[in-house]
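*Asks:* The structure is given below, and queries will be raised subsequently.
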Ligand SMILES: [Mg+2]
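Below, the structure is given as C-alpha cells:
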C-alpha cells in the first residue's frame with residue numbers, strides 16, 4: 153500500500169496505553185507514523201481534557217474523538233481545520249452542532265448537564281442509588297479507576313457523557329430510554345443517542361477524503377466491546393489482547409498477539425507502516 157494515504161483510529165486505555173497507563177514502549181512507532189504523516193486519531197471514552205494531556209505528551213496534533221463519539225475535535229494545527237467550512241453540507245447529514253474556537257468542535261451528542269440532571273432526577277425519584285462521576289469525589293474516582301488524582305480530575309471534566317460506576321438493571325432500562333447506556337470495560341457509559349464512535353469515524357474519514365481528494369485507507373484498533381462500532385467502519389480492524397484474552401468480536405479482524413501497547417505496536421508496525 154505504498155503511496156496510499158492512511159488513517160489510524162485508536163482506542164487509548166488497554167490498547168495504546170498499558171495497564172500502568174503508559175505508552176512509552178510505543179514512542180518509536182509513534183515517531184515513525186509522524187514522519188510518514190499518518191494521522192493517529194484517538195477514539196475513546198476519555199474527555200477532551202484527558203486526551204489533551206496525552207496528545208501533548210505524545211506530540212500528536214491530529215483530530216480526536218472524545219467521550220465515546222460524542223464529539224469530534226479538530227485542532228487549529230491540523231490541516232482539516234481549514235476545510236471544515238467547505239464541507240458543511242457533508243456534516244449536515246450527521247445533524248451535528250459545530251463550535252468554532254482554537255479547536256473546532258463537531259458535536260454529535262448532548263450536553264453533560266442534560267445527562268447529569270436526568271441521573272440526579274431518577275436517583276431522587278426512583279431511589280436508584282446510582283453512583284456516577286457527578287456525585288463522587290476526586291478521591292473516589294481515583295480509587296475506582298486506578299487513575300492518579302490528577303488524571304481523575306481530568307476524567308471528571310465531562311462535556312457530553314457520564315460514567316456510571318454502580319447501577320442496577322432497572323436503572324439501565326430507564327436511562328436507555330433517553331440516552332445510550334453501554335457497558336464498557338468496567339463501567340456504564342451514558343451518552344446521547346446520536347453520538348457514536350462509528351459516526352465519528354465516518355465523519356473524519358469523509359473530511360480526510362475531501363482533504364486528500366481520495367479516500368484514505370483506514371485502520372482501527374481497540375480492545376473492548378465498546379470499540380466494535382469503530383472497528384466495523386474501518387477498512388482494517390484489529391484488537392489487541394487483554395490480560396484475560398481477546399474479546400469475542402464476532403467480526404473479521406486481526407487479533408494481535410501482544411497485550412495492549414505490545415499488540416498495538418505489532419499491528420501498526422506489521423500492517424500500517
Ligand atoms: Mg480500551
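In the numbering used here, the protein residues as written are 153 to 425.
Note that beta-carbon positions come from the ideal geometry of N, C-alpha and C, so glycine has one too.
Compute the minimum distance between the beta carbon of residue 164 and the heavy atoms of ligand 1, and state whether it is under 8 Å.
*Replies:* Because some heavy atom of ligand 1 lies under 8 Å away, the Cβ of residue 164 counts as near it: yes.
*Asks:* In the DSSP assignment, the alpha helix (DSSP H) including residue 223 goes from what residue to what residue?
*Replies:* Careful: residue 223 lies outside any alpha helix (DSSP H), inside the beta strand (DSSP E) at 223–227.
*Asks:* Roughly how far, in whole angstroms, is the beta-carbon of residue 191 from the beta-carbon of residue 160, given that I think they are within contact range, below 8 Å?
*Replies:* With a Cβ gap of about 7 Å, residue 191 and residue 160 count as contacting.
*Asks:* In this structure, does DSSP put residue 291 in helix, strand or coil?
*Replies:* It is helical.
*Asks:* May I ask you to report which of helix, strand or coil DSSP gives residue 333?
*Replies:* Correct three-state label for residue 333: strand.
*Asks:* What does the alpha-carbon distance come out to for the pair residue 239 and residue 291?
*Replies:* Cα to Cα, residue 239 sits roughly 43 Å from residue 291.
*Asks:* Cβ of residue 379 within 8 Å of any heavy atom in ligand 1?
*Replies:* Under cutoff, so the answer is yes.
*Asks:* Is residue 183 buried or exposed, if buried means 16 or more other CB atoms sit within 10 Å of its CB?
*Replies:* Counting Cβ neighbours within 10 Å, residue 183 comes out exposed, since fewer than 16 surround it.
*Asks:* What does a CB cutoff of less than 7 Å around residue 385 pick up in its chain, not counting 5 residues either side in sequence?
*Replies:* The answer, listed in chain order, is 350, 353 and 354.
*Asks:* Can you grab the Cα-Cα spacing for the pair residue 382 / residue 189, in whole Å?
*Replies:* Roughly 22 Å separates the two Cα atoms.
*Asks:* Along the chain, where does the alpha helix (DSSP H) that runs through residue 415 open and close?
*Replies:* Looking at the DSSP string, the run of the alpha helix (DSSP H) that includes residue 415 is 413–419.
*Asks:* For the alpha helix (DSSP H) containing residue 231, name the first residue and the last one.
*Replies:* Counting along the chain, residue 231 falls outside any alpha helix (DSSP H), and DSSP gives it neither H nor E.
*Asks:* Put residue 250 into one of helix, strand or coil per three-state DSSP.
*Replies:* DSSP places residue 250 in strand when its eight states are reduced to three.
*Asks:* Taking only the alpha-carbon atoms, compute the straight-line gap between residue 304 and residue 297 and give it to the nearest angstrom.
*Replies:* If you take the alpha carbons of residue 304 and residue 297, they lie about 8 Å apart.
*Asks:* Is residue 374 near ligand 3, with its Cβ less than 8 Å from a heavy atom?
*Replies:* Absence of ligand 3 is noted for the structure shown, with ligand 1 being the only ligands found.
*Asks:* Under 8 Å: does the beta carbon of residue 313 sit that close to some heavy atom of ligand 1?
*Replies:* Every heavy atom of ligand 1 is 8 Å or more from the Cβ of residue 313, so no.
*Asks:* Going along the chain, which residues of its own chain have a beta-carbon closer than 6 Å to the beta-carbon of residue 311, five neighbours each way excluded?
*Replies:* If we look at residue 311 and ignore the five residues flanking it on each side, its Cβ neighbours are 264.
*Asks:* Quick one: using the 10 Å Cβ neighbour count with 16 as the cut-off for buried, is residue 404 buried or exposed?
*Replies:* With fewer than 16 other Cβ atoms within 10 Å, it is exposed.
*Asks:* For residue 255, report the span of its beta strand (DSSP E) as first-last.
*Replies:* That run of the beta strand (DSSP E) goes 255–259.
*Asks:* Starting from residue 219 and walking both ways along the beta strand (DSSP E), at which residues does that stretch end?
*Replies:* Note, residue 219: premise wrong, no beta strand (DSSP E); not H, not E.
*Asks:* Could you name each continuous alpha helix (DSSP H) segment of 4 residues or more that falls completely within the segment 368–419, going from the start of the chain to the end?
*Replies:* Taking only runs of at least 4 residues, the alpha helix (DSSP H) segments lying wholly in the segment 368–419 are 380–384 and 413–419.
*Asks:* Just grab the DSSP bridge partners of residue 313 for me.
*Replies:* Residue 313 pairs with 343.
*Asks:* Measure the C-alpha to C-alpha separation of residue 171 and residue 300 and round it to an integer number of angstroms.
*Replies:* Computed Cα separation, rounded: 13 Å.
*Asks:* Using a threshold of 8 Å, is the CB atom of residue 181 nearer than that to any non-hydrogen atom of ligand 1?
*Replies:* Answer for residue 181: no, Cβ out of range of ligand 1.
*Asks:* Mind checking which residues open and close the alpha helix (DSSP H) that includes residue 274?
*Replies:* That run of the alpha helix (DSSP H) goes 264–278.
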